[in-house]
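Down below is the structure, laid out as structure tokens.
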Amino acid sequence: MMKSVAVLAMVSFLSLPLTGVAQTYSQRRHDRAKASQTRHDHRHHTGAKIVGGSAAGGAVAGGLLGGGKGALIGAGVGAGGGAIANKVRVDKGVKAREREDR
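FYI, the numbering for the sequence shown is -22 to -1, 1 to 80, going by mature numbering (1 follows the signal peptide of the UniProt record, and there is no 0).
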């Protein structure tokens, strides 16, 4: 009984590195699409434009409604919303690039 447990433990230990080394084709395609999207966004400063623009819009709206303190709160809320919108945009872009790669 102990010998079979020891053999089973040894086999499972030796098989672990083999499962993590191989990378599937779909994972490589995803990594390439993500790298391509990141290169494009960094080259055009897309994320900064989206987050900065929404922060500026939030500051203007907050300033009109609540003065200086409202502008500060509005800028924070706008930047947070812009960050979420940018994340959604990047994810959609990566999925589109994955479909193009097929």
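C-beta atoms are modelled at their ideal positions from N, C-alpha and C, and glycine is treated no differently.
Given that a residue counts as buried once 16 or more other Cβ atoms are within 10 Å of its Cβ, and exposed if not, what is residue i?
{"i": "S32", "result": "buried"}
{"i": "V66", "result": "exposed"}
{"i": "G56", "result": "buried"}
{"i": "V29", "result": "buried"}
If I measure Cβ to Cβ from residue i and keep anything under 7 Å in the same chain, skipping five residues before and after, which residues do I get?
{"i": "G71", "result": "Q15"}
With DSSP as the reference, label residue i as helix, strand or coil.
{"i": "M(-22)", "result": "coil"}
{"i": "H8", "result": "helix"}
{"i": "H23", "result": "coil"}
Output yes or no for whether 7 Å exceeds the beta carbon distance between residue i and residue j.
{"i": "Q76", "j": "R17", "result": "According to the sequence shown, residue 76 is Glu rather than Gln. Against a cut-off of 7 Å, the Cβ pair of R17 and E76 comes out as no contact."}
{"i": "A37", "j": "A53", "result": "yes"}
Can you list, in chain order, the residues of its chain whose CB lies under 6 Å from that of residue i, leaving out five sequence neighbours each side?
{"i": "K12", "result": "V72"}
Original post:
Is it true that the stretch 33 to 46 meets the stretch 56 to 65, where meeting means three or more beta-carbon pairs spaced less than 8 Å apart?
Top reply: yes
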